[in-house]
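Structure first, then comments.
Number of protein chains: 2
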Amino acid sequence: MADARLNEISASETARRIAQGETTARAVVEACLEQVARRETEVMAFEWLDADGARRAADAIDARDTARHLPIAGACFGVKDIIDTADMPTGYGSPIHAGHRPGADAACVALSRKGGGIALGKTVTTEFANVHPGRTRNPHDAQRTPGGSSSGSAAAVAAMMVPLALGTQTTSSTIRPASFCGVIGFVPTQGAVSVSGVRAAAGSLDRIGLFARSVDEIALYLDVLRGIPRAEAPSRRTFAPRIGLCADFLAERMDPGTQDGLLRLARRLDEAGAAVADCAVPADFARLTDEHRWVSSFEFVRNFAYEIENHWERISTTLREGRISHGLACTHDQYRTARALAAAAQARIDEMFGSHDVLLAASAAGEAPVGTATGDFAFCALWTMLGVPAISLPLMAGASGLPVGAQLLARPGDEALLLAAAAWIMAQRDD
Amino acid sequence: MADARLNEISASETARRIAQGETTARAVVEACLEQVARRETEVMAFEWLDADGARRAADAIDARDTARHLPIAGACFGVKDIIDTADMPTGYGSPIHAGHRPGADAACVALSRKGGGIALGKTVTTEFANVHPGRTRNPHDAQRTPGGSSSGSAAAVAAMMVPLALGTQTTSSTIRPASFCGVIGFVPTQGAVSVSGVRAAAGSLDRIGLFARSVDEIALYLDVLRGIPRAEAPSRRTFAPRIGLCADFLAERMDPGTQDGLLRLARRLDEAGAAVADCAVPADFARLTDEHRWVSSFEFVRNFAYEIENHWERISTTLREGRISHGLACTHDQYRTARALAAAAQARIDEMFGSHDVLLAASAAGEAPVGTATGDFAFCALWTMLGVPAISLPLMAGASGLPVGAQLLARPGDEALLLAAAAWIMAQRDD
């Protein structure tokens, strides 16, 4: 009976139980595989499942005392299929690369394994982490999108198949699916976690994304991915944060009710002891939401020059007429201007944050839309251009009662502060 | 007779002759292959030669009128073996990955081919683009190092095997071998040319490097790699630049004669009409030469976590006891401090440049040392930490008459100005 819920416990609790001999990594893997068997037909989160490999990895952990004390010992994780794995095919969500076998694990996968994590399989990504959807469905409602592009990773965590998953974000590909699937999604400061071994979409914007069901797990996993021992991790004393509320930002693109939800959440946090004040996004910052397109598209068509030149007919019409068409139309001047505007805003980031520790904004327009389209990208584009760390917390609900994320943002390098603030905010809900 | 020297003509002249029907891409390829046959036994620049693939690519260019008018039509290029190629093995200079077949061309390779370039083969790299040397020798003196880590690319261009070659630089891996081999080496502003498909050493420092025998070819090739048509390229009107002379910087690490050579060159340029003035490198900038180690090592051990965890015994002792040992010893605080110092200096870059268009410094300590060790890295570490565009021009000579490079640097984004200044400086020599 106890084993039946091993797939539902957190990565930190998994590691604790294994270290203390209360359970085994093998039992955890079996529980996760059973959950996959229960839900996968409906959710379709995995592109490739490596049950035998996961069992072998679990047995190797159970066999060594040092391995049982690793920070995420026995925690199963999913790997977005845009990320290289040496022992599983990596198809980048495209028929062009179906069955491709990379020569090495990406840095984030190797570091996860080094930390005691067990790769359960590759999760479904949209085509080249762009917008053409994969087959994954929202675990809360199979008629709806899980969001993209890290669709399978968000859905696998939401469906209790794994406690942790790796995604990426070039626009909104971690925060949005986390919001739609009702889990926590996190991206660190641009450049803080290695993207080596991740197929690049736009190098100046690409980041590793993390999915989990608690803030504590995100903090733990982040240290594993930075390759730093807990002793070196910045302290994260939970505290009532000073919050800048960006409720008006992109309000015109929100579903009815999302802005109200954000205002209600802010009021609740204020009453609980946080200092909440309105924060207006300056016009030259807001402009980056549109400018994002030029940076991401210009870089995308160069990064996929091989596929565009050699496999044009196997690229989806969506991608050809969207990202690629924009990228081919973008001039060098447009691109340089967009990057210069982002750099100028980055240099003035303190102006926007002012005395706030964190900013609070919507993670997405509202709950997951019906259908397969992955949803409005706009709610992350500015923050992505700024390269600031972001976390989506499942604190709101849409008209159908489905989850909507609240997005929390901090200054570059302030991961510890962001996670401490997020932990405090989540604790208010749990009370 | 005319065909016998087709391997010696520039990429731009190659493209011009092919466009005008004066020669064929096939003839150019044969000339380059003949030169490889003449010199390769001694120089050992290539890890893999694809004669048949190059011939097929040449025939495809000769068969299509549009292809014959591409910007670098028929120009052969070498590809450092740290860079992925879909049709040639890519071993990253390590026995761990010998024979590995990537699923796609790196962006820089695909864009070179799109521009009409013909990949002649993969060039020798040091192990994982670090310091453990490959087998390449200096084309001017087989007893000496060609420099590293882009050893084969620099040597292949110097030995007239190819007019163009792709390298990378994380410390000094393009500028130093260019200096030792007497060719032109160039790195663009950090982030200006995609590194997608290049095995990452340290993501915040890695850049694509270009090798050629003239500044004009570098400019042409840079546009191909940025994927921008000539019409969109910033204009490069040659002009007598205002030069800040950094002759004292790292003078204590120079060979006898290098500083004098730099001073003589500066005097000559001043007399020719350039405005030359001394430029002192501020102490907090100079400090970055040492801080570079922490950034490159911290990131390296995370990027190679797969190899370190799974193939430790196949990593060279040099690499284990050097870069990897430093990276494992580096704390998160040391790393963050080093990156913060670099960011602070980047924000004050105008202070150092002042009214100068470009800075002039040594590319290396002196001429290529005897032996296989790739030489002192220090002469590029600061500039790499700043992410500024740099070019090495073969304008000086050492005690044995072997080439020594003069390094020219510009502000981030000022590639056009840098190349225009470099062209003017080279023209003074040619007079």
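Going down the list, the protein sequences come from chains H and Y.
The letter at position 314 of the first sequence is residue 314 when you use this note's numbering, and the numbering goes up by one with no holes.
Each number in this note's numbering comes from the position in the second sequence (counting from 1) with 1000 added on.
Glycine included, each C-beta is placed from N, C-alpha and C at the ideal position.
Contact with chain H is found for Asp1105 of chain Y, since one of that chain's Cβ atoms lies less than 8 Å from the residue's Cβ. At a C-beta separation below 7 Å, Lys1114 of chain Y has these neighbours in chain H: Ala305 and Glu309.
Per DSSP, Met352 of chain H is one residue of the alpha helix (DSSP H) stretching across Ile349 to Phe353. Secondary structure at Pro95 of chain H: helix, using DSSP grouped into helix, strand and coil. Residue state for Ile82 of chain H is assigned as coil, using DSSP reduced to three classes. Every alpha helix (DSSP H) stretch that sits fully inside the region 86-157 of chain H and reaches 4 residues is listed by chain position as 107-114. Under a 10 Å Cβ-count criterion, Ala344 of chain H is classified as exposed, with fewer than 16 other Cβ atoms of the shown protein chains found around its own Cβ.
As computed with DSSP, Pro403 of chain H is found in a beta bridge with H:Ala397. Remark: C-beta atoms of Ala19 of chain H and Arg64 of chain H do not approach each other more closely than 8 Å. By the CB criterion at 8 Å, Thr1136 of chain Y and Ala1045 of chain Y fall inside the cutoff.
The Cβ-Cβ distance between Gly209 of chain H and Phe186 of chain H falls below 8 Å. Annotated three-state conformation of Ala200 of chain H is coil, per DSSP. Per the Cβ contact rule, the region 299-309 of chain H is not in contact with the region 385-402 of chain H (fewer than 3 Cβ pairs under 8 Å). Within the DSSP bridge table, the entry for Gln1169 of chain Y names Y:Arg1207 as partners. Residues of chain Y whose Cβ lies closer than 7 Å to the Cβ of Val281 of chain H do not exist; the shortest such Cβ separation is about 23 Å. The Cβ atoms of Pro133 of chain H and Gly115 of chain H do not sit closer than 8 Å to each other.
Going by DSSP, Gly1261 of chain Y is part of no beta strand (DSSP E) but of the alpha helix (DSSP H) stretching over Thr1258 to Glu1271.
Fewer than three Cβ pairs drawn from the region 1357-1373 of chain Y and the region 1328-1347 of chain Y lie within less than 8 Å of each other, which leaves the two stretches out of contact. Between the region 197-207 of chain H and the region 83-91 of chain H there are three or more C-beta pairs closer than 8 Å, enough to call the two in contact. For Asp376 of chain H, the closest alpha carbon among the candidates H:Ala60, H:Thr145 and H:Ala27 is that of H:Thr145. By DSSP's assignment, Trp1048 of chain Y forms a beta bridge with Y:Lys1122.
Look at Ile218 of chain H here: in three-state DSSP terms it is helix. Here the C-alpha atom of Arg253 of chain H lies approximately 48 Å from the C-alpha atom of Met1088 of chain Y. Under DSSP, the beta-bridge partners assigned to Val276 of chain H are H:Ile243. Under the DSSP definition of a beta bridge, Phe1186 of chain Y partners with Y:Leu1210 and Y:Ile1391. Measuring C-alpha to C-alpha distances from Met396 of chain H to each of H:Asp52, H:Ala361 and H:Asn7 identifies H:Ala361 as the nearest.
Per DSSP, the unbroken alpha helix (DSSP H) holding Ala378 of chain H starts and ends at Ala378 to Leu386. Contacts with chain H (Cβ-Cβ distance below 8 Å) from the region 1041-1075 of chain Y involve no residue at all.
Listed in chain order, the positions of the region 1004-1015 of chain Y with a beta carbon within less than 9 Å of a beta carbon of chain H would be empty, since no residue qualifies. In this structure, the straight-line span from the alpha carbon of Ala420 of chain H to that of Leu269 of chain H is close to 14 Å. For Leu1359 of chain Y, the enclosing beta strand (DSSP E) has its first and last residue at Val1358 to Ala1362. Residue contact with chain H for Leu1111 of chain Y: present (Cβ-Cβ distance below 8 Å to some residue of chain H).
When Y:Glu1271, Y:Val1183, Y:Gly1117 and Y:Asp1105 are compared, the shortest CA-CA separation from Val1195 of chain Y is found for Y:Asp1105. Here DSSP, grouped into helix, strand and coil, assigns Leu419 of chain H to helix. Closest in C-alpha terms to Leu382 of chain H, from the list H:Ala129, H:Arg55 and H:Arg339, comes H:Arg339. Looking at the DSSP output, Leu164 of chain H bridges to H:Phe77.
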